[in-house]
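Heads up, the sequence shown is in the numbering used here, so the first residue is 102 and it goes up one at a time.
C-beta atoms are modelled at their ideal positions from N, C-alpha and C, and glycine is treated no differently.
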Amino acid sequence: MSSESFSVRIYLQDGHVDGVKVVARSKWSGRALVIPRSSLSKEINRDELNAPGVYVLIGSADQQGRETVYIGASDPVSANLTRHAADKSFWSWTIVCSSKHDSLTQTHIEYINARLIKLVQETGKATLDNQEPPELPPLDDVETDYAETFLGHMLSIYPVLGLRAFEEP
102 MSSESFSVRI YLQDGHVDGV KVVARSKWSG RALVIPRSSL SKEINRDELN
152 APGVYVLIGS ADQQGRETVY IGASDPVSAN LTRHAADKSF WSWTIVCSSK
202 HDSLTQTHIE YINARLIKLV QETGKATLDN QEPPELPPLD DVETDYAETF
252 LGHMLSIYPV LGLRAFEEP
């Protein structure tokens with residue numbers, strides 16, 4: 102991960118740190134939403150959730166102190182989040198990343214999803230709830246560079262938001 106400086110703006114939508122957060126990072130065409138599970142039903146119709154995106158469901162720590170995470174991607178994100186609210190009980194909050202300018206394609210989000218799963222497996226800092234890791238979809242050099250840049254910006258803000266599952270040991 103790059104050590105270049107950047108700024109992060111965090112808007113506390115509910116006026117407190119445990120509520121919904123809207124997160125913007127300098128030099129990034131994306132936007133992140135941090136949504137507590139208890140707020141999902143109120144937030145499900147947001148524009149950011151009705152677009153292609155990548156999300157991480159985060160749950161309580163296991164006996165080794167590692168958080169449980171599930172990593173997913175869909176278009177729209179809202180469809181999968183609604184399903185996961187009904188069928189996955191472990192998670193208490195999620196971070197959703199999507200593009201502010203509709204520049205993420207289905208292939209981009211599948212690529213980023215596969216890379217995030219691989220990173221969690223490599224770091225061993227979280228218990229992964231995903232069943233089988235997806236294969237990296239084929240992208241040309243330009244699109245791979247775009248997806249990797251978007252991913253790099255996501256990875257830079259996760260620790261700021263309290264998610265450390267992707268950091269190298």
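| Query | Result |
| --- | --- |
| Which of helix, strand or coil DSSP assigns to E168 | strand |
| Residues near S204 in its chain [Cβ-Cβ closer than 8 Å; skip 5 each side] | S130 and Y247 |
| Length-filtered (4 minimum) alpha helix (DSSP H) runs lying within the segment 129-177 | 141-144 |
| Beta-carbon proximity of R110 to A125, cut-off 7 Å | yes |
| Collapsed DSSP secondary structure at K219 in the structure displayed | helix |
| Residues bridged to S200 (per DSSP) | G131 |
| Euclidean distance between Cα positions of E268 and W192 | 20 Å |
| Segment limits, alpha helix (DSSP H) that includes L256 | D242 to I258 |
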